[in-house]
Amino acid sequence: MHPTNDPSAYSTTHSPCTSVPLDLFKSGQLLAIKPDCRGGLIIQKRFYADFVGPGAAVGSSFDVDCTSVYAIGAVEFYAPATYTERQQAFQKRREYCETLQSIVVRPAPLDRATTILHQLSLWLDANLIAEIPSAWIAELAGVLTKTIMIIRQPRPTNPAERLNIH
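Under UniProt numbering, think of the first position of the sequence shown as 1, with each following residue one higher.
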């Protein structure tokens with residue numbers, strides 16, 4: 001599949017983007033994720049990753065350097081046609097970037113891991129978060145995959161189990 005003039009033809013679900021070509025993001029074409037969509041994208045760059053959710057701009061100069069894309073949920077795109085639509089999409093992308101920046105500047109890796117998972121829970125449904133590989137979430141928070149896996153481990157509900165008292 002190659003980029004066309006109809007970006008709404010592109011949608012993807014729950015897996016590394018195979019139905020949306022990477023060239024679409026690298027082409028420089030400005031798109032946005034539809035505001036009513038219930039998913040998002042993790043866009044991998046060389047040294048970090050960005051989360052892009054509903055209403056936010058993708059492509060354009062933001063993503064010409066992306067190396068891979070992971071789709072979360074059902075993601076649909078549109079081409080912002082008016083100046084106002086473009087400004088709103090840029091502002092939404094900026095908000096996602098600023099939120100991630102506030103997470104990655106935290107000095108403690110466990111704190112970053114906990115905070116990114118909490119933030120994802122504000123943006124996405126729990127069942128969608130559960131499907132995201134820990135390695136992709138780790139890239140968002142700037143932590144090791146193992147750190148995310150530690151935070152994702154189920155915690156005992158019984159106080160005796162938490163303290164290892166038998």
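Even glycine gets a Cβ: it sits at the ideal position worked out from N, Cα and C. Predicted model, so just to flag it, every value in this text is computed and none were measured.
Out of 55, 112, 139 and 77, the CA that lies nearest to the CA of residue 24 is found in 77.
Residue 26 and residue 65 have their C-alpha atoms some 7 Å from each other.
For the stretch 43-80, the continuous beta strand (DSSP E) assignments of 3+ residues that do not extend past its boundaries occur at 49-52, 57-59, 68-72 and 74-78, in sequence order. Beta-bridge pairing by DSSP links residue 110 to no other residue. Distance from the CA of residue 39 to the CA of residue 73, rounded to the nearest whole angstrom, comes to 4 Å. Selection 88, 84 and 47 evaluated against residue 57 yields 88 as nearest (Cα-Cα). The C-beta distance from residue 143 to residue 112 rounds to 5 Å, short enough to fall under 8 Å. In this structure the stretch 47-57 lies against the stretch 95-109, because at least three pairs of beta carbons, one per stretch, are closer than 8 Å. DSSP places residue 31 in the strand class (E or B) of the three-state scheme.
For residue 158, there is no enclosing alpha helix (DSSP H), since its DSSP letter is neither H nor E. For residue 88, the enclosing alpha helix (DSSP H) stretches over residues 83-104. Inclusion of residue 69 and residue 43 in the CB contact set at 8 Å is warranted, their separation being smaller than that value. Counted as a single uninterrupted DSSP element, the alpha helix (DSSP H) harbouring residue 23 occupies residues 22-26. Taken through DSSP and simplified to helix, strand or coil, residue 120 comes out as helix. Secondary structure note for residue 152: its alpha helix (DSSP H) is the uninterrupted segment 145-152. The beta carbon of residue 109 sits closer than 6 Å to those of 143 and 147, all from its chain and outside the five residues before and after it, given in chain order. Under the DSSP assignment, residue 132 falls outside any alpha helix (DSSP H); it carries neither an H nor an E label.
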